[in-house]
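Participant: Questions regarding the structure given below will be posed in turn.
2 protein chains.
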Amino acid sequence: MIEAEIYKALGDPVRLQMVMRLANGSPCTISQLTQDLGITRQGARKQLQVLVDAKMVQLSSQGRETRVDLDIATLQQAHRFIAELERRWDQRLAALKSFVETEFEH
Amino acid sequence: MIEAEIYKALGDPVRLQMVMRLANGSPCTISQLTQDLGITRQGARKQLQVLVDAKMVQLSSQGRETRVDLDIATLQQAHRFIAELERRWDQRLAALKSFVETEFEH
DNA sequence: ATTATACGCAACCAAATGGTTGCGTATTTT
DNA sequence: AAAATACGCAACCATTTGGTTGCGTATAAT
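Heads up: the protein sequence lines correspond to chains A and B, in order.
With my numbering, letter number 80 in the first sequence gets 80, and the count goes up by one each step, no holes.
Heads up: take any position in the second sequence, counting from 1, add 1000, and you land on my numbering.
See the structure below:
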C-alpha cells in the first residue's frame, strides 16, 4: 500500500500550496516556488523532496536552476482511488437500503 | 487552508486502511476496526481520532461500544479538490499547446 | 454477583517531521 | 575577474507522531 504516501505528501500546508501553485502554472524553479512560503529555501527544498519521493513532482536541472514540474499521473491516481472509495460507500448504502426495503415491505 | 488536514488524515497506512475498511462496509465498532491492524486498541484509537478531527469519520456511542462511520461528504470534498487541480493543470497544458501552435504556425 | 467486554484517560518513549543555520560549488551577470 | 544567483549537503533543534503500557469505569454476558 504505497498509496498513503501520496496523501501524506499533500498533507502539509506548505506542500499543498506548492502543488496548487504548480497546478496554476506559476513560475517553477525551486527559488521561485519558495517565494511567499515564509520559510527558507532549504526548508522549502526539504518539503519539495517529499513531493519528489511521492512522485508528485519531477525535477530537471537547467543550467544553474532547477525546474519543477507536477506529475499529473500521480494526482490522477489519487483521484481515482478516492473515487473508488466513494463508489464502494455508495454501494454499501444501496445494499442497506435494499435490505431495509425487503425486510419491511408489506 | 484546512484542506491539508484531510490528506494528512489519509496519509498514514493505518488510517488509510481504516478508511478503506469503512468504505467496504466492514463491521465498524472501534474494537472491530482495530483487528488485523497489528497495533493495540489504544494505538488504533489515537489514529482514529485523527480521522475524527479531520471530519472523515463520525463516532456514535451505543451501549458499551462505539460505532464508527465514514463521513462521505469530506471524501467528496477531497475528491473535488484534486479534480480541480487536474483541471487547472490541463488548462495550463492547453494554453501552452495553443501558444506553441500560434508561434510556429506557417 | 461475578466475569468479561468495550471503552477512556494519561504518562511515557523512540522516531519522524519541519524548520533553521553554516558552508561549499557551479553557473550567470556585470 | 568579480559579484551575484541558484543550488546542494550536513548538522542541529524543537515539536509532532505513532505507538506502548497501566489503570479506571461503564455496560453486557454468565
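Glycine is no exception: its CB is placed at the ideal position from the N, C-alpha and C atoms.
The structure presented is a predicted model; accordingly, all values stated were derived computationally and were not measured.
Quick one: does A/Leu51 have its CB under 7 Å from some CB of chain B?
Facilitator: As a working mapping, residue 51 of chain A is identified with position 51 in the first sequence. No, no contact with chain B.
Participant: If you run the structure through DSSP and keep just helix, strand and coil, what is A/Thr40?
Facilitator: The sequence position of residue 40 of chain A within the first sequence is 40, counting from 1. DSSP places A/Thr40 in coil when its eight states are reduced to three.
Participant: Any heavy atom of the ligand SAM closer than 6 Å to the Cβ of B/Arg1087?
Facilitator: The ligand SAM is not among the ligands present in this structure, which contains no ligands whatsoever.
Participant: Short of 7 Å in beta carbon distance, which residues of its chain neighbour B/Ala1094, apart from the five on each side in sequence? Order them along the chain.
Facilitator: Mapped onto the second sequence, residue 1094 of chain B falls at position 94. Within the same chain, B/Ala1094 has no close Cβ partners at all.
Participant: Tell me, which residues are paired with B/Glu1065 by DSSP?
Facilitator: Residue 1065 of chain B sits at position 65 when you count from the first residue of the second sequence. According to DSSP, B/Glu1065 bridges with B/Gln1062.
Participant: Using 8 Å as the cut-off, can you tell me whether the segment 78-91 of chain A makes contact with the segment 59-70 of chain A, which would need three or more C-beta pairs spanning the two stretches below that distance?
Facilitator: no
Participant: Report the rounded CA-to-CA distance for A/Gln77 versus B/Pro1027, giving the unit in angstroms.
Facilitator: Position 77 of the first sequence, counting from 1, holds the residue named residue 77 of chain A. Position 27 of the second sequence, counting from 1, holds the residue named residue 1027 of chain B. For A/Gln77 and B/Pro1027, the distance between alpha carbons rounds to 27 Å.
Participant: Taking Cβ-Cβ distances shorter than 7 Å, what residues in chain B pair up with A/Val19?
Facilitator: Residue 19 of chain A sits at position 19 when you count from the first residue of the first sequence. Near A/Val19 (Cβ distances below 7 Å), the residues of chain B are Leu1085.
Participant: Under 8 Å by Cβ, that's how I've got A/Gln47 and A/Met18 pegged, so tell me the actual separation to the nearest angstrom.
Facilitator: Stepping through the first sequence from its first residue, residue 47 of chain A is reached at position 47. Stepping through the first sequence from its first residue, residue 18 of chain A is reached at position 18. Yes, A/Gln47 and A/Met18 are in contact; Cβ-Cβ is about 7 Å, under 8 Å.
Participant: What does A/Gly11 touch in chain B if you count any residue whose Cβ is under 7 Å from its own?
Facilitator: Translated into positions along the first sequence, residue 11 of chain A becomes position 11. Within chain B, the residues near A/Gly11 are Ala1004, Tyr1007, Lys1008 and Gly1011.
Participant: Indicate whether at least one CB of chain A lies closer than 7 Å to the CB of B/Gly1025.
Facilitator: Taking the first residue of the second sequence as position 1, residue 1025 of chain B is located at position 25. It does; some Cβ of chain A falls within 7 Å.
Participant: Given a cut-off of 7 Å on the beta-carbon distance, is the pair A/Ala54 and A/Glu5 in contact?
Facilitator: Within the first sequence, the letter at position 54 stands for residue 54 of chain A. Within the first sequence, the letter at position 5 stands for residue 5 of chain A. Result yes, Cβ atoms of A/Ala54 and A/Glu5 sit closer than 7 Å.
Participant: What residues from the segment 1067-1096 of chain B come within 7 Å of chain A, judged by C-beta to C-beta, listed N to C?
Facilitator: Leu1070, Ile1072, Leu1075, Gln1076, Ala1078, His1079, Ile1082, Ala1083, Leu1085, Glu1086, Arg1088, Trp1089 and Arg1092
Participant: Look at the alpha carbon of B/Val1057 and the alpha carbon of B/Ala1073, and state the distance between them as a whole number of angstroms.
Facilitator: Residue mapping note: residue 1057 of chain B aligns to position 57 of the second sequence, counting from 1. Residue mapping note: residue 1073 of chain B aligns to position 73 of the second sequence, counting from 1. Cα to Cα, B/Val1057 sits roughly 10 Å from B/Ala1073.
Participant: Do you know offhand how far B/Gln1091's Cα is from B/Phe1081's?
Facilitator: Taking the second sequence and counting its residues from 1, the one referred to as residue 1091 of chain B is at position 91. Taking the second sequence and counting its residues from 1, the one referred to as residue 1081 of chain B is at position 81. Each residue's alpha carbon lies about 15 Å from the other.
Participant: Quick test of your reading: A/Ser31 and A/Arg15, contact by CB under 8 Å. State the CB separation rounded to the nearest angstrom.
Facilitator: Here residue 31 of chain A refers to the residue found at position 31 when the first sequence is read from its first residue. Here residue 15 of chain A refers to the residue found at position 15 when the first sequence is read from its first residue. Actually they are not in contact, since the Cβ atoms of A/Ser31 and A/Arg15 sit about 17 Å apart, beyond 8 Å.
Participant: List the endpoints of the continuous alpha helix (DSSP H) containing B/Gln1035.
Facilitator: Position 35 of the second sequence, counted from the start, is the residue given in the question as residue 1035 of chain B. No alpha helix (DSSP H) contains B/Gln1035, which DSSP labels as neither H nor E.
Participant: Bridge partners of B/Val1057, per DSSP?
Facilitator: Working through the second sequence from its first residue, we reach residue 1057 of chain B at position 57. Beta-bridge partners of B/Val1057 (DSSP): B/Leu1070.
Participant: A/Ala107 and A/Val50: beta carbons closer than 7 Å?
Facilitator: Lying before the first or after the last residue shown, residue 107 of chain A is absent from chain A, which here runs from 1 to 106.
Participant: Does the beta carbon of A/Leu48 come closer than 7 Å to any beta carbon on chain B?
Facilitator: In the first sequence, counting from the first residue as 1, residue 48 of chain A sits at position 48. No, A/Leu48 does not count as interfacial toward chain B.
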